[in-house]
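Q: Got a structure for you, questions after.
Protein chains: 2
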Amino acid sequence: MLHSAETLNKKIEETIQNISFDLKPASLYEPMRYVLSHGGKRVRPLMTLLATNLFSGSIEESLKPAIGIEIFHNSTLVHDDLIDNSDMRRGKPAVHKKWDANTAILSGQAMQIESFKYMASVPSDLLPQVMELFSTTAMEVCRGQQLDLDFEKREDVSESEYIEMIMLKTAVLLACSLKLGATMARAQTRDAELLYNYGINMGLAFQLKDDLLDVYGNPETFGKNIGGDIVSNKKTYLLIKALKTSDKEQHAELLKWITAEKFDKEEKIEAVKNIYNALNLKSISENLIEKYYLAALDCLSSINVANERKKELISLSENLMYREK
Amino acid sequence: MLHSAETLNKKIEETIQNISFDLKPASLYEPMRYVLSHGGKRVRPLMTLLATNLFSGSIEESLKPAIGIEIFHNSTLVHDDLIDNSDMRRGKPAVHKKWDANTAILSGQAMQIESFKYMASVPSDLLPQVMELFSTTAMEVCRGQQLDLDFEKREDVSESEYIEMIMLKTAVLLACSLKLGATMARAQTRDAELLYNYGINMGLAFQLKDDLLDVYGNPETFGKNIGGDIVSNKKTYLLIKALKTSDKEQHAELLKWITAEKFDKEEKIEAVKNIYNALNLKSISENLIEKYYLAALDCLSSINVANERKKELISLSENLMYREK
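Going down the list, the sequences are from chains A and B.
Each step along the first sequence adds one to the number in numbering that gives the first Met the number 0, with nothing skipped, and position 156 is 155.
Each step along the second sequence adds one to the number in numbering that gives the first Met the number 0, with nothing skipped, and position 22 is 21.
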């Protein structure tokens, strides 16, 4: 049977909303319920189910590990928001704001353990490879988070270091979600690897697109405030590329804005964006995104499955690529 | 072969000191190395190996999950110290002091993932039960930590609530360490359960002893400052019991000290200890410890293994019971 992304999404949402968080103490479970019930795109569990679907596996069997991935992803968001001091998430106060830092630390920790519990529910003959895939990925995500933090203190981050960081922080979890779905469907190793590589390339394109939207997105459709990364000096692809390709004068101006402690936000966004424009970074970035996107589709097309079954994944890729938020 | 606790301890220490933390970024792995290399009693991995030894299993096979338990335990200490704002651990600055809060959050998270990786190394036919045992226990420890935090804000914690909290926060991980060792040795389910219950009772006795030593320990041999729990109003067994069994006057005095914002530390310790003495709490507490200790030994004696093999576990129990620190 071929399931539509819409049907699968509904299943994911229903399952998440029905998770029982009635365990004690409520002070631990209530923040978990709060975070998980606030939606988000649910891209990762959808990818798991679409991958299972691709290889005609059982969606019912894949549902638990798929939700496990979503729980893990949310655990990293809870800790990330605390670390970055981000007050809002999906339009609601972050856990450390609604409760406090200790609650964010402990409930994030609990969600991570819960995600391993969900993984442990897979059929026992698949458990060793699922545990290997998931624990390796979880550690990579952690390493990516730490690299991201380290980069904040450095002005000399190279393009390849940046790509490695977003690979770890973002791409490997998408790739893991897909490979997990393939594993659950007992796909051939070669096909599962191709799907993993599709995920890596999609993940890189996805994160670069995120960086781009922050500056060039449509303020009316983009969820966050345009220019947020510029204001906070986030080491995005655009900033790293700008620091590297700017002439002496532009470089000095960039540094001036990065080190300024007091500034008018709009003025800073405008000034930095002008440098990005002068350096043609929008189209340089779009070309790189296109490169990864095409590499992703290439992997997908090499998978040994009828094209008919690939439609939903291709359509998800398009949605992620041509999204405005 | 029957291994001595000393030999096993050496093996544990050697293995931990030889873990490679050369991965990148160093900012993530260096705190992990730092925490794990500073010793501690290594009670949990020793329990795992002694349990494997009890059932004549392979120590080599048990070593990795045993170290996994120790890594998990240390991950909770890193987060606990941050949450409790404890600056020192084993005579060294805590991770959040030597580095910062973000480093403590991320390296604690990474250590937790690493512990699951170690668990995943067990033979695949044992993996489902090991994952079930370990992830359930990890979640219980988290619940215990949260309960402990919740209790700080309450004056009406009952004795049974307290016992439940230390069961979750301390006892289940000791019990899990033992059952893990039994599982690795493919012990009978009944024996593994008896060993688990031995661990629960030992864990309760162990934590109650900890509470007692904080007040009645020998300042020269006790690692921490005597009276630290009294100063910080920690809801120990002694304080909970005192709040419940004190007369009106004593109760008022206890509350006065608990709510006092400025006080002389020694004076507070002296005053609260006097109330504990008047209420005979030292011997009440010792009786309860004895009760759990005897229950533990009772479980151990019911295990279907030659007494000769139980010697090392009995001797460990005695060491934990009659320790001065």
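Heads up, the beta-carbon is just placed ideally off N, CA and C, and yes, glycines get one too.
So what does DSSP say about residue 89 of chain A, is it helix, strand or coil?
A: coil
Q: Are any of the Cβ atoms in chain B nearer than 8 Å to that of residue 104 of chain A?
A: yes
Q: Listing by chain order, which chain A residues have their CB less than 7 Å from the CB of residue 145 of chain B?
A: 24, 26, 27 and 105
Q: Once the 5 residues before and after residue 191 of chain B are set aside, which same chain residues still bring their CB inside 7 Å of it?
A: 178, 181 and 182
Q: Is the beta carbon of residue 206 of chain A less than 8 Å from the beta carbon of residue 170 of chain A?
A: Between residue 206 of chain A and residue 170 of chain A, the gap from beta carbon to beta carbon is short of 8 Å.
Q: Under 7 Å Cβ-Cβ, which residues of chain B neighbour residue 78 of chain A?
A: Neighbours of residue 78 of chain A in chain B, taken as residues whose beta carbon is under 7 Å from its own, are 104 and 108 in chain order.
Q: Along the segment 118–151 of chain B, where does the CB come closer than 7 Å to a CB of chain A? Name the residues.
A: 119, 123, 126, 127, 130, 131, 134, 137, 138, 141, 142, 144, 145, 146, 148 and 149
Q: Closest by CA to residue 274 of chain B, which one among B:292, B:252 and B:187?
A: B:252
Q: So the candidates are A:105, A:43, A:172 and A:10; which of them puts its Cα closest to the Cα of residue 25 of chain A?
A: A:105
Q: Cβ atoms of residue 261 of chain B and residue 151 of chain B: under 8 Å apart, would you say?
A: no
Q: Let me know if residue 30 of chain A comes out buried or exposed under the rule of 16 or more other beta-carbons within 10 Å of its beta-carbon.
A: buried
Q: Just to confirm before moving on: does the CB-CB distance between residue 49 of chain B and residue 315 of chain B stay below 8 Å?
A: Yes, these two residues count as a Cβ contact at 8 Å.
Q: With distances taken Cα to Cα, identify the nearest neighbour of residue 239 of chain B among B:87, B:212, B:185 and B:156.
A: For the options B:87, B:212, B:185 and B:156, the alpha carbon positioned closest to that of residue 239 of chain B is the one of B:156.
Q: Strictly under 8 Å for the Cβ-Cβ distance: is residue 20 of chain B near chain A by that measure?
A: no
Q: To which residues of the same chain is residue 148 of chain A closer than 8 Å at the C-beta, ignoring the five residues directly before and after it?
A: 82
Q: Buried or exposed: residue 139 of chain A, going by 16 or more other Cβ atoms within 10 Å of its Cβ?
A: buried
Q: Using only alpha-carbon positions, find the residue among B:285, B:250, B:289 and B:21 that is nearest to residue 271 of chain B.
A: B:250
Q: Taking just the CA atoms, how far does residue 323 of chain B sit from residue 79 of chain B?
A: 23 Å
Q: Under 8 Å Cβ-Cβ, which residues of chain A neighbour residue 81 of chain B?
A: 104
Q: Would you report the Cα separation of residue 168 of chain B and residue 291 of chain A, rounded to the nearest angstrom?
A: Rounded to the nearest angstrom, the two C-alpha atoms are 47 Å apart.
Q: Check for me: the alpha helix (DSSP H) holding residue 144 of chain A runs from which residue to which?
A: 126–151
Q: Evaluate residue 67 of chain A with the Cβ neighbour count: other Cβ atoms within 10 Å of its Cβ, from every protein chain shown; 16 or more gives buried, anything less gives exposed.
A: buried
Q: What is the residue span of the alpha helix (DSSP H) that residue 18 of chain A lies within?
A: From DSSP, residue 18 of chain A is part of no alpha helix (DSSP H); its letter is neither H nor E.
Q: Three Cβ pairs or more, each shorter than 8 Å: is that satisfied between the segment 106–119 of chain A and the segment 57–71 of chain B?
A: no
Q: Restricting to Cα atoms, I'd like to know which of B:13, B:61, B:201 and B:279 is closest to residue 174 of chain B.
A: With distances taken between Cα atoms, residue 174 of chain B lies closest to B:201.
Q: Residue 73 of chain B touches chain A at which residues, Cβ-Cβ below 7 Å?
A: Residues of chain A passing the Cβ test: none, with the nearest at roughly 13 Å.
Q: Given this structure, state the Cα-to-Cα distance separating residue 61 of chain B from residue 237 of chain A, to the nearest angstrom.
A: 49 Å
Q: By the three-class DSSP mapping on this structure, what secondary structure does residue 235 of chain B have?
A: coil
Q: Under 8 Å, do residue 284 of chain B and residue 211 of chain B count as touching if we go by C-beta distance?
A: Taking a C-beta distance under 8 Å as the contact criterion, residue 284 of chain B and residue 211 of chain B qualify as a contact pair.
Q: Relative to the C-alpha of residue 198 of chain A, which residue among A:188, A:268 and A:176 is closest?
A: Ranked by Cα distance from residue 198 of chain A, the options A:188, A:268 and A:176 are led by A:176.
Q: For the putative contact between residue 54 of chain B and residue 184 of chain B, defined by C-beta atoms under 8 Å, what is the C-beta separation to the nearest angstrom?
A: That pair is a contact at about 4 Å.
Q: Identify whether residue 220 of chain A lies in helix, strand or coil by the three-state DSSP scheme.
A: coil
Q: So for residue 274 of chain A, helix, strand or coil by DSSP?
A: Helix at residue 274 of chain A.
Q: Classify residue 241 of chain B: buried if its beta carbon has 16 or more other beta carbons within 10 angstroms, exposed otherwise.
A: buried
Q: Taking buried to mean at least 16 other C-beta atoms within 10 Å of its own C-beta, is residue 130 of chain A buried or exposed?
A: buried
Q: What is the C-beta distance between residue 94 of chain A and residue 33 of chain A, in whole angstroms, given that I count them as a contact (C-beta under 8 Å)?
A: 7 Å
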